[in-house]
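J.:
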Amino acid sequence: MNATDLLPPRDFNALFKRVTPQMAALDRFMRDQVQKFEPEIRDMAAYCLDTTGKRLRPTLVFVSGWQGDGIVSDELVRAAGVVEMVHLATLVHDDIMDRAEIRRNRRTAAREFGPDAAVLLGDALFSQALHVASQFPTTEVCRMVSESTRKVCSGEIMQTLRRREINISHEEYRRMIDLKTAELFRVSCFLGARLSGYAEAFADAANLFGHHLGVAYQIYDDLVDFAGEEQRIGKTLGTDLATGKLTLPLMLLLERVSESEKNEIITAIRGGKPLGLAASQQRMQELGIAGGVVLAIEKELVAATAALAPHAELPPVALMLQLCEMLRSQVAALQPAPAVK
């Protein structure tokens, strides 16, 4: 069977409706986790452990371990809660470093509580996630989550240390997003399949699927920073250029502009005269930068789909592939409509 033959119909609302019972159980779990924090910081923890996000990583846990409609596994709910807490902790820290004001259409934790308290709050979320992971009957969950947490932090450290540098290769960029984003996607898919009792071969395939989907999602997110609309996306945009992060859209832009323009962009990346989000958006559109970024995303989605091809008969596969189609639709929504002739 060809990998592309597996692609499901694009009924995304139906997908989210099918995981509604699991998400409801996750909501209850997260509310319970708030009570585990000391009374003095519970309101702060609740602010971070809100239920308004996309919850992509819990969705990956649930669909990778899918056993049928209405079947809610306590183990999968706890695993989903663990990866979501780790993810939320990274967002708290990211927003501090990016000086972001808005996240999920409201003030970031750093803006709400101050950066000093926010960095410690992120640490507390990490700690609670690992505490929950340690309570599984097998040490595998805690081992994998703790390793993934370290890798995520390592990726963020690498990117932080390379801020305002322009001599970053495509391979180095890929390595950073492998760690900082793809790692949690990967472990979410692996744990979903593993904890649901699927064969090792499928758990390994889910692992590879999650890795490629995570890379694709981070490249998409890097494109959003330049091509998205802040009100619709619900977070501060333009932070990559403002904080000197060299992402794929900027890398491709530097490769295509004239020498004088290149020097202007490099000056902006290095913290000199700001280029401005509007100016960079316009230049990227003029040079068709999005097309190259979209090709990179599609390459990863094709690899993610191919990883699942040998397991097409298993219940999770169709739902997992719908997530690829969802990302494709989000990418398409970023691109300007063709001019009417």
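Each residue of the sequence shown is one higher than the last, beginning at -18 in my numbering.
Quick reminder that beta carbons are idealized off the backbone N, C-alpha and C, glycines included.
Given the structure is predicted, the values throughout are model-derived calculations rather than measurements.
Would you call residue 1 buried or exposed, if buried means 16 or more other Cβ atoms sit within 10 Å of its Cβ?
T.: Label assigned to residue 1: exposed.
J.: Measure the CB-CB distance between residue 167 and residue 136 and report whether it falls below 8 Å.
T.: No; because the gap between Cβ atoms is not below 8 Å, this pair is not in contact.
J.: Mind checking who residue 250 pairs with in its DSSP beta bridge?
T.: Bridge partners of residue 250: none, in fact.
J.: Would you report the Cα separation of residue 291 and residue 179, rounded to the nearest angstrom?
T.: Each residue's alpha carbon lies about 14 Å from the other.
J.: Let me check understanding here. Comparing Cα to Cα, which of 232, 262, 14 lies closest to residue 105?
T.: The residue with the shortest Cα to Cα distance from residue 105 is 14.
J.: Relative to the alpha-carbon of residue 49, which residue among 10, -4, 94 has its alpha-carbon at the smallest distance?
T.: Looking at the Cα atoms, -4 is the closest of the given residues.
J.: What residue does the alpha helix (DSSP H) around residue 38 start on, and which one ends it?
T.: Start and end: 37 to 45.
J.: Touch check for the stretch 111 to 122 and the stretch 51 to 68: three-plus C-beta pairs under 8 Å?
T.: With a cut-off of 8 Å, the stretch 51 to 68 and the stretch 111 to 122 count as touching, because enough Cβ pairs lie within range.
J.: Taking the alpha helix (DSSP H) that residue 28 falls in, what are its first and last residues?
T.: From DSSP, the alpha helix (DSSP H) with residue 28 extends over 23 to 29.
J.: Return helix, strand or coil for residue 158, following the three-state DSSP convention.
T.: DSSP places residue 158 in helix when its eight states are reduced to three.
J.: Could you check what DSSP says for residue 59 in three-state terms: helix, strand or coil?
T.: Reduced to three states, the DSSP call for residue 59 is helix.
J.: Please return the same chain residues whose Cβ sits closer than 7 Å to the Cβ of residue 201, not counting the five positions on each side in sequence.
T.: Excluding positions up to five away in sequence, the list reads 278, 308, 311, 312.
J.: Three or more beta-carbon pairs under 8 Å between the stretch 20 to 28 and the stretch 72 to 86, yes or no?
T.: Short answer: they don't touch.
J.: Check whether the stretch 153 to 168 touches the stretch 238 to 251, taking contact to mean three or more Cβ pairs, one atom from each stretch, closer than 8 Å.
T.: Short answer: they don't touch.
J.: Just verifying my parser: in three-state terms, what is the DSSP assignment at residue 212?
T.: Below a pLDDT of 50, predicted positions are generally treated as unreliable, and residue 212, at 49, falls in that range; the measurement from the model is reported next regardless. Looking at residue 212 - three-state DSSP - the assignment turns out to be helix.
J.: To the nearest angstrom, report how far apart residue 203 and residue 43 are at their CA atoms.
T.: Computed Cα separation, rounded: 26 Å.
J.: Residue 18 to residue 129, Cα distance in whole Å?
T.: Cα-Cα distance, rounded: 23 Å.
J.: Helix or strand or just coil, what does DSSP make of residue 278?
T.: DSSP places residue 278 in helix when its eight states are reduced to three.
J.: Within a Cβ cutoff of 7 Å, which residues of the same chain sit near residue 175, ignoring the five residues on either side of it in sequence?
T.: Result list for residue 175: 184, in chain order.
J.: Quick check on residue 87: does DSSP put it in helix, strand or coil?
T.: DSSP places residue 87 in strand when its eight states are reduced to three.
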